[in-house]
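Asker:
Numbering (this note's numbering), first residue to last: 4 to 237.
1. Give a yes or no on whether the C-beta atoms belonging to residue 197 and residue 229 are separated by under 8 Å.
2. Entirely within the region 95 to 162 and at least 4 residues each: give me those alpha helix (DSSP H) ranges in chain order.
3. Find out if the Cβ-Cβ distance for the pair residue 176, residue 125 is shorter than 8 Å.
4. Measuring straight from C-alpha to C-alpha, what distance separates residue 86 and residue 208?
5. Roughly how many angstroms lie between the CA atoms of residue 170 and residue 13, to the nearest whole one?
6. By DSSP, does residue 225 sit in helix, in strand, or in coil?
7. Report back the beta-carbon spacing between residue 166 and residue 118 to the nearest angstrom; my notes put them in contact at under 8 Å.
8. On the criterion of 16 or more Cβ atoms from any shown chain inside 10 Å, does residue 144 qualify as buried, or is it exposed?
9. Along the chain, where does the alpha helix (DSSP H) that runs through residue 78 open and close?
10. Taking 7 Å as the cut-off, is the CB of residue 112 close to at least one heavy atom of the ligand COA?
11. Please check the pair residue 200 and residue 225, which I expect to be a contact at CB under 8 Å, by giving their CB distance rounded to whole angstroms.
12. Would you kindly check if the distance between the Cβ of residue 189 and the Cβ of residue 232 is under 8 Å?
13. Counting pairs of Cβ atoms below 8 Å between the region 6 to 21 and the region 97 to 115, do you hit three or more?
14. If the criterion is Cβ atoms closer than 8 Å, does the pair residue 76 and residue 235 meet it?
15. Three-state secondary structure (DSSP) at residue 47?
16. Taking its Cβ as the centre, do 16 or more other Cβ atoms sit within 10 Å of residue 44, making it buried, or is it exposed?
17. Run the CB neighbour count on residue 216, radius 10 Å, all protein chains shown included, and call it buried at 16 or more, exposed below.
18. Using CA atoms only, rank isn't needed, just tell me which of 110, 132, 101, 184 is closest to residue 164.
19. Can you tell which of 26, 84, 18 has its C-alpha closest to the C-alpha of residue 93?
20. Please classify residue 178 as buried or exposed, where buried requires at least 16 other C-beta atoms within 10 Å of its C-beta.
21. Taking its Cβ as the centre, do 16 or more other Cβ atoms sit within 10 Å of residue 99, making it buried, or is it exposed?
22. Got a sec, what are the start and stop residues for the alpha helix (DSSP H) residue 21 sits in?
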């Protein structure tokens, strides 16, 4: 269907523009990422043979792919998987093509699978926990960016549900939804604990004190536990 392929290309362009607008053009983005996530601490994990950063003081281009993808699910914002997608869908809806998007979701396996993957990621996200990380770890000057990203995630969920004609996420895969919900029960407390441990670890470093090995070990356990619960990394 030429019309569907054209819409797919539109979505690709719109989503790419949004993604790059945040990641490369927003001056607050890298400082926010490095303070809100455990990206700085991932190098302490006994994993891999290369440093987590190419240049410790560089921008987003200095990061290796694994830490970039690994860090975001830790805060339950799941940002790399969805940023730009919902904005692109909303733009096409505003252009009067919602019925075509609904038909694509219904009759084109490629498109419906992509939306299904978004729903899975949305099901693992948690706006309250993402906000908690900000409150505990991020400078107040960067809070507006965190809120903007959370609001964007909330709007993205709404537009995907509207296109799929569903009242809740993962409606067509209830067994997967239940599995995610069950894991979230155990992962949520690890997230709260991790944010506190990150705060203590960074405060100790700022004060010029030696790291507390108990805090550092507990922090590594929470990182591994959240990764196992999310099943998107690690």
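Don't be surprised by glycine CBs; every beta carbon is placed ideally from N, CA and C.
Answerer: On the basis of the coordinates in this document:
1. yes
2. 101 to 110, 112 to 127, 130 to 140
3. no
4. 32 Å
5. 26 Å
6. helix
7. 7 Å
8. exposed
9. Per DSSP, residue 78 belongs to no alpha helix (DSSP H) and is neither H nor E.
10. With respect to the ligand COA, the structure offers nothing, as it holds no ligand at all.
11. 6 Å
12. yes
13. yes
14. yes
15. helix
16. buried
17. exposed
18. 101
19. 18
20. exposed
21. exposed
22. 5 to 26
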